[in-house]
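Keeping their order, the protein sequence lines are chains A and B.
Throughout the first sequence, residue numbering follows our numbering, covering 0 to 344 in sequence.
Throughout the second sequence, residue numbering follows our numbering, covering 0 to 344 in sequence.
Written out below as structure tokens is the structure these notes cover.
Protein chains: 2
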Amino acid sequence: MVVVNTRFLQACRREAVDATPVWFMRQAGRYMAEYRALRERYTMLELCRTPDLAVEVTLQPIRRIEVDAAILFSDLLLPLEPLGVPFDFVKGEGPQIERPIRTESDIDALRRFEPREALAHVLEAIQLVKRELDGKVPLIGFAGAPFTLASYAIEGGHSNHFAETKALMYGNPAAWHRLCDRLATMVGDYLVAQVEAGVDAVQVFDSWIGALNARDYREFVLPHTQKIFAMVAGRVPTIHFGTGTATILAELAEAGGDVIGADWRIPIDEAWARIGDTRGIQGNLDPTLLLGPTERLFAGAAEVLDRVDGRPGHIFNLGHGILPSTPVERVQALAKYVHQYSARR
Amino acid sequence: MVVVNTRFLQACRREAVDATPVWFMRQAGRYMAEYRALRERYTMLELCRTPDLAVEVTLQPIRRIEVDAAILFSDLLLPLEPLGVPFDFVKGEGPQIERPIRTESDIDALRRFEPREALAHVLEAIQLVKRELDGKVPLIGFAGAPFTLASYAIEGGHSNHFAETKALMYGNPAAWHRLCDRLATMVGDYLVAQVEAGVDAVQVFDSWIGALNARDYREFVLPHTQKIFAMVAGRVPTIHFGTGTATILAELAEAGGDVIGADWRIPIDEAWARIGDTRGIQGNLDPTLLLGPTERLFAGAAEVLDRVDGRPGHIFNLGHGILPSTPVERVQALAKYVHQYSARR
């Protein structure tokens, strides 16, 4: 008999749980030997685009770590290709967009597509993962938010200063809003398709949104992200995540999400106060603590749990993804510790 | 007769001024054609290490932009070479350290040096700039703070996640503190030498400190940065700058600085409230606003000045350095606008 683990979904609804649910951003990834073994044979894009491989990678952490949710192995940038913005992952440099978006005509040339066709392999992977999981833990689907997706498409890859992105945003607000509206509609459709394929919750990643202040967030981003959450609302629980967001948490909450992710730069109780008591919170341990000694790692986790003080609606996670140099044993120990420490309270 | 511009130093002392003083981080740099012309003939390190060239670059913005202070053209990393950590600037990739610091023996092998000998070219440039400026505007000296310097030395260059830096910090706190103590003593000596050579104020750059939360800042950084400010205190006004610091501004103020720098992620009045009323504030316009239209740039500057509301102790600056793609006319217009708008109040 399969024991159905419902902690994660209960916490999304701010219900009481037997122990704090935990999952980790990038819980499938280079820190695991079995992932690295696959990456020796396949490129990142091959893993993402081949349902059987995406399923295998999604399940790798489920087999070894006491996590309360699986997250589909995929990449934020996958929808860029059918939009007409092809890219690849370049070793040691991350994603590289072939022809970055820079002009209004680039924006107008973006293609509309049906995610059920163009990203059918993602939806197929979701169905296969759900079958494999057989209810043991819920499955989280995800997509990038308009600012973060736009920043990759405009900068051509990862960016430190978002100079081109903000130059377009400030310099041609009409074009910016047209781009973000297109991205929001696309992301909303894509997430709805993921829900229909079987995901139990979705997370919207606005990973780099901390580059904006509240004023600019409100003007340039909020309405678009709001549109995405409106499209998914009522179907499954939603999580809204970004980094460096201490000064815009209230705005992120306003844009949407049943649960708001916070990073380690702000104490989680202060973050929750800014988010408000109508939302759950996810976070917020510094992922680099997994690179240090266990005592300090556990002390950091205990501090997060103590600050939350058992209040329903907390999902334990890191403030950002697991880093490649992380020892897998440390991740295993952390998940166990969070469960034991929170159950004992 | 030279008109002596004292606005900047008055603001450092929180005295009333006729107009808000303004200068820009990286006001000398690639956005200026005359700088790019020099860079065609000399490397970045040649410019830094040749007093006549450093003087020329320092003065370039003074000739074209209504700034109220000059800042010595130099680089945070210059002291790494005499410490025994050689580096170079690699085109398109920024600084690269030849052999990053990773072990206790790397730390113990760091050399002590006398900045008046090893960095004599910097001190000579200061004396020459002071002569050229002839009191027209004050000259700011600077150095990197221990966390930021350590992060370059440990990571080997610019970093997104500071994984190696934090792994050392968490994993071997004793070694981390020994490294930061060495860096703090070195930086303090170097800044004192700069003051003796003639700088009118100093800025300590802890550019990447926003990667830490308040707890870690207090344990791993505060005592070291405090030591630097204690060494310079009472000689000239001091500015303490970092980015992404919304949640640690009170701790930065506690570490030291007559004036605390804030970036654009936090409204400047909120930042000042966190810093406290015994300090001045510097900032905090988003540098990417210089890439957009003038109206939006001016609106952003007006918002900063309105939020400060004429309170003595404000130095107008960007939240980080001028970006290379910035049009010089926009910088000229911004400085003028800040003076006119604040004088009219």
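Even for Gly, the Cβ is constructed at its ideal location relative to N, Cα and C.
Practice task
Output, in chain order, the set of chain A residues within a Cβ distance shorter than 7 Å of B/Phe72.
Solution key: As a working note, residue 72 of chain B is residue 73 in the second sequence. In chain order: nothing, as chain A lies at least about 20 Å away.
Problem - Among A/Ala119, A/Val327, A/Ala261 and A/Leu138, the one whose alpha carbon lies nearest that of A/Pro50 - result: Sequence index remark: in the first sequence, residue 50 of chain A carries index 51 (1-based). Here the closest residue by C-alpha is A/Ala119.
Practice task
Inspect the beta-carbon positions of A/Ile106 and A/Gly155 and report whether they are closer than 9 Å.
Solution key: Stepping through the first sequence from its first residue, residue 106 of chain A is reached at position 107. Stepping through the first sequence from its first residue, residue 155 of chain A is reached at position 156. Note that the C-beta distance between A/Ile106 and A/Gly155 is not below 9 Å.
Practice task
In angstroms with no decimal places, state the Cα-to-Cα distance between B/Val327 and B/Gly320.
Solution key: Locating residue 327 of chain B in the second sequence gives position 328, counting from the first residue. Locating residue 320 of chain B in the second sequence gives position 321, counting from the first residue. Approximately 13 Å, taken between the alpha carbons.
Problem - DSSP-derived helix/strand/coil call for B/Gln26 - result: If you number the second sequence from 1, residue 26 of chain B lands on position 27. Of the three classes helix, strand and coil, the one that applies to B/Gln26 here is coil, per DSSP.
Exercise for the section: Return helix, strand or coil for B/Asp87, following the three-state DSSP convention. Expected result: The residue labelled residue 87 of chain B in the question sits at position 88 within the second sequence. Note: B/Asp87 maps to strand in three-state DSSP.
Problem - Straight-line gap, B/Asn4 to B/Arg234 (C-alpha atoms, nearest Å) - result: As a working note, residue 4 of chain B is residue 5 in the second sequence. As a working note, residue 234 of chain B is residue 235 in the second sequence. The straight-line gap from Cα to Cα measures roughly 19 Å.
Practice task
Anything in the stretch 82-114 of chain B with a Cβ closer than 9 Å to a Cβ of chain A? List those residues in chain order, please.
Solution key: Under the 9 Å Cβ criterion, the stretch 82-114 of chain B contributes no residue.
Problem - Own chain partners of A/Pro266 with C-beta closer than 7 Å, once the 5 adjacent residues on each side are dropped - result: Position 267 of the first sequence holds residue 266 of chain A. Here the set comprises Arg306.
Practice task
Would you list the one or two residues that DSSP bridges to A/Gly345?
Solution key: With chain A covering only 0 through 344, there is no way to say anything about residue 345 of chain A.
Exercise for the section: Could you tell me which chain B residues have their CB closer than 7 Å to the CB of A/Lys165, listed as they occur along the chain? Expected result: Within the first sequence, residue 165 of chain A is the residue found at index 166, counting from 1. For A/Lys165, the C-beta contacts it makes with chain B under 7 Å involve Thr287 and Leu290, in order along the chain.
Exercise for the section: Decide if B/Met0 is buried, meaning its Cβ has at least 16 other Cβ atoms within 10 Å, or exposed. Expected result: Numbered from its first residue, the second sequence carries residue 0 of chain B at position 1. In this predicted model, B/Met0 has a pLDDT of only 49, less than 50, meaning its place in the structure is not dependable; the value taken from the coordinates is given anyway. Counting Cβ neighbours within 10 Å, B/Met0 comes out exposed, since fewer than 16 surround it.
Handout entry: Contact set for A/Pro145: own chain, Cβ-Cβ below 6 Å, skip 5 residues either direction
Key = Your numbering for residue 145 of chain A matches position 146 in the first sequence. Answer for A/Pro145: Cys179, Leu182, Ala183 and His223, listed in chain order.
Exercise for the section: Could you list which residues in chain B have their beta carbon closer than 9 Å to that of A/Thr147, in chain order? Expected result: As a working mapping, residue 147 of chain A is identified with position 148 in the first sequence. Within chain B, no residue comes near A/Thr147; the closest Cβ sits about 15 Å away, beyond 9 Å.
Practice task
Kindly list the residues whose CB is nearer than 6 Å to the CB of B/Ala128, restricted to its own chain and excluding five residues on each side of it in sequence; keep chain order.
Solution key: On the second sequence, position 129 is the one that residue 128 of chain B refers to. Note that residue 128 of chain B corresponds to Val in the displayed sequence, not to Ala. When the five nearest sequence neighbours on each side are left out, the beta carbons in the same chain lying within less than 6 Å of the beta carbon of B/Val128 are those of Val54, Thr57 and Leu138, in order along the chain.
Practice task
Please name the residue in A/Leu211, A/Gln281, A/Phe7 and A/Lys335 whose C-alpha comes closest to that of A/Asn159.
Solution key: Along the first sequence, read from residue 1 onward, the residue named residue 159 of chain A stands at position 160. Closest option to A/Asn159, Cα to Cα, is A/Leu211.
Exercise for the section: Entirely within the stretch 124-167 of chain A and at least 4 residues each: give me those alpha helix (DSSP H) ranges in chain order. Expected result: Here the runs fully enclosed are 145-154.
Problem - Per DSSP, the bridge partner or partners of A/Ala69 - result: Looking up residue 69 of chain A in the first sequence gives position 70. For A/Ala69, the pairing in a beta bridge is given by DSSP as A/Leu138.
Practice task
Ignore the nearest five residues each way along the sequence and tell me which others in B/Gly143's own chain have a CB closer than 6 Å to its CB.
Solution key: The residue given as residue 143 of chain B occupies position 144 in the second sequence. Closer than 6 Å at Cβ, skipping near neighbours: Leu75 and Phe204.
Handout entry: Below-9 Å beta-carbon distance, A/Asp180 vs any chain B residue
Key = Taking the first residue of the first sequence as 1, we reach residue 180 of chain A at position 181. With a threshold of 9 Å between beta carbons, A/Asp180 makes no contact with chain B.
Problem - Simplified DSSP assignment, three categories, for A/Ile100 - result: Position 101 of the first sequence, counted from the start, is the residue given in the question as residue 100 of chain A. DSSP places A/Ile100 in coil when its eight states are reduced to three.
Practice task
Look at B/Val16 and B/Pro311 and say whether their C-beta atoms are less than 9 Å apart.
Solution key: Within the second sequence, the letter at position 17 stands for residue 16 of chain B. Within the second sequence, the letter at position 312 stands for residue 311 of chain B. The answer is yes: Cβ separation under 9 Å.
Handout entry: Cβ separation of B/Gly260 and B/Gln281, assumed to be a contact under 8 Å, to the nearest whole Å
Key = Within the second sequence, residue 260 of chain B is the residue found at index 261, counting from 1. Within the second sequence, residue 281 of chain B is the residue found at index 282, counting from 1. Between B/Gln281 and B/Gly260 the Cβ distance is about 4 Å, and since that is below 8 Å, they are a contact.
Practice task
Determine which residues of the stretch 241-252 of chain B have a Cβ less than 7 Å from any Cβ of chain A, and write them out in chain order.
Solution key: Residues of the stretch 241-252 of chain B with a Cβ closer than 7 Å to any Cβ of chain A, in chain order: Gly243, Ala245 and Thr246.
Practice task
Note the first and the last residue of the continuous alpha helix (DSSP H) segment covering B/Val54.
Solution key: As a position in the second sequence, residue 54 of chain B is number 55, starting the count at 1. In this chain, the alpha helix (DSSP H) harbouring B/Val54 covers Pro50 to Arg63.
Practice task
With DSSP as the reference, please indicate the residues paired to B/Gly309 in a beta bridge.
Solution key: Here residue 309 of chain B is taken as the residue at index 310 of the second sequence, counted from 1. Per DSSP, none; premise fails for B/Gly309.
Handout entry: Contact with chain A by B/Met43, beta-carbon distance below 9 Å
Key = Residue numbering aside, residue 43 of chain B sits at position 44 when the second sequence is read from its first letter. Answer no: the Cβ-Cβ gap between B/Met43 and chain A never drops below 9 Å.
Handout entry: Every unbroken beta strand (DSSP E) inside the stretch 282-332 of chain B [3 residues or more]
Key = Taking only runs of at least 3 residues, the beta strand (DSSP E) segments lying wholly in the stretch 282-332 of chain B are 313-317.
Practice task
Using a Cβ-Cβ cut-off of less than 7 Å, list which residues of the stretch 321-337 of chain B approach chain A; keep chain order.
Solution key: Only Leu322 and Ser324 from the stretch 321-337 of chain B bring a Cβ to less than 7 Å from some Cβ of chain A.
Problem - C-beta neighbour in chain B for A/Met24, strict 9 Å - result: What you label residue 24 of chain A is simply residue 25 of the first sequence in a count that begins at 1. Chain B contact via Cβ: absent.
Handout entry: Between the CA atoms of A/Arg264 and A/Gly355 - distance to the nearest angstrom
Key = Absent from the structure is residue 355 of chain A, since the part of chain A shown begins at 0 and ends at 344.
Practice task
For A/Gly279, count neighbouring Cβ atoms within 10 angstroms of its own Cβ and tell me buried if that reaches 16, exposed if not.
Solution key: Counting from one through the first sequence, the residue named residue 279 of chain A turns up at place 280. When all chains shown are included, A/Gly279 counts as buried.
Problem - Per-residue contacts from A/His160 into chain B (C-beta, under 8 Å) - result: Here residue 160 of chain A corresponds to residue number 161 of the first sequence, with the count starting at 1. The contacting residues are Pro286, Thr287, His319 and Leu322.
Problem - Cβ-based neighbour list, B/Gly299, same chain, cut-off 8 Å, excluding 5 preceding and 5 following - result: Along the second sequence, one-based indexing puts residue 299 of chain B at 300. Close CB contacts of B/Gly299 within its chain, under the 8 Å cut and outside five residues either way in sequence, are with Leu284, Asp285 and Leu288 (chain order).
Practice task
Could you spell out where the alpha helix (DSSP H) holding A/Ile259 opens and where it closes?
Solution key: Here residue 259 of chain A is taken as the residue at index 260 of the first sequence, counted from 1. Not the alpha helix (DSSP H): A/Ile259 falls in the beta strand (DSSP E), residues Val258 to Gly260.
Problem - Exposed unless 16 or more other CB atoms sit within 10 angstroms - verdict on B/Pro78 - result: As a position in the second sequence, residue 78 of chain B is number 79, starting the count at 1. Buried, because 16 or more other Cβ atoms sit within 10 Å of the Cβ of B/Pro78.
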